[in-house]
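Numbering (this note's numbering), first residue to last: 188 to 290.
Glycine included, C-beta positions come from ideal geometry on N, C-alpha and C.
Please read all numbers here as calculations on a predicted model, not as lab measurements.
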């Protein structure tokens with residue numbers, strides 16, 4: 188199976204502390220790694236706080252769909268659901284295949 192690539196857009200709740208979000212993301216990334224997943228890049232969006240733009244955009248990879256599914260169902264990540272709900276207002280996930288333009 189080909190590698191699964193994701194673009195994940197995350198919106199923080201207005202009352203969420205950035206330090207708490209960063210701690211949550213570090214925990215999630217550690218759990219992700221046990222399933223072969225990796226946050227390849229994370230970008231914090233430069234947007235006014237009142238805009239509808241996400242707070243961060245992540246480029247994420249997993250070996251395949253089964254590894255991603257295992258991560259989503261991992262007991263440790265499920266246990267973090269309330270913390271995620273407290274911090275993250277909205278998530279959009281796009282899947283796709285990498286394109287090589289020769290550079």
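From residue i to residue j, what distance separates their C-alpha atoms?
| i | j | result |
| --- | --- | --- |
| residue 207 | residue 283 | 30 angstroms |
| residue 199 | residue 214 | 17 angstroms |
| residue 191 | residue 287 | 15 angstroms |
| residue 201 | residue 237 | 10 angstroms |
| residue 278 | residue 289 | 32 angstroms |
| residue 217 | residue 258 | 11 angstroms |
| residue 209 | residue 271 | 11 angstroms |
| residue 263 | residue 269 | 12 angstroms |
| residue 225 | residue 204 | 24 angstroms |
Would you grab the beta carbon distance between residue i and residue j for me? Rounded to a whole angstrom, and I think it's under 8 angstroms.
| i | j | result |
| --- | --- | --- |
| residue 229 | residue 243 | 6 angstroms |
Tell me which residue opens and which closes the beta strand (DSSP E) that residue i is part of.
| i | result |
| --- | --- |
| residue 230 | 225–231 |
| residue 248 | 243–249 |
Could you give the residue range of the alpha helix (DSSP H) that holds residue i?
| i | result |
| --- | --- |
| residue 270 | 268–274 |
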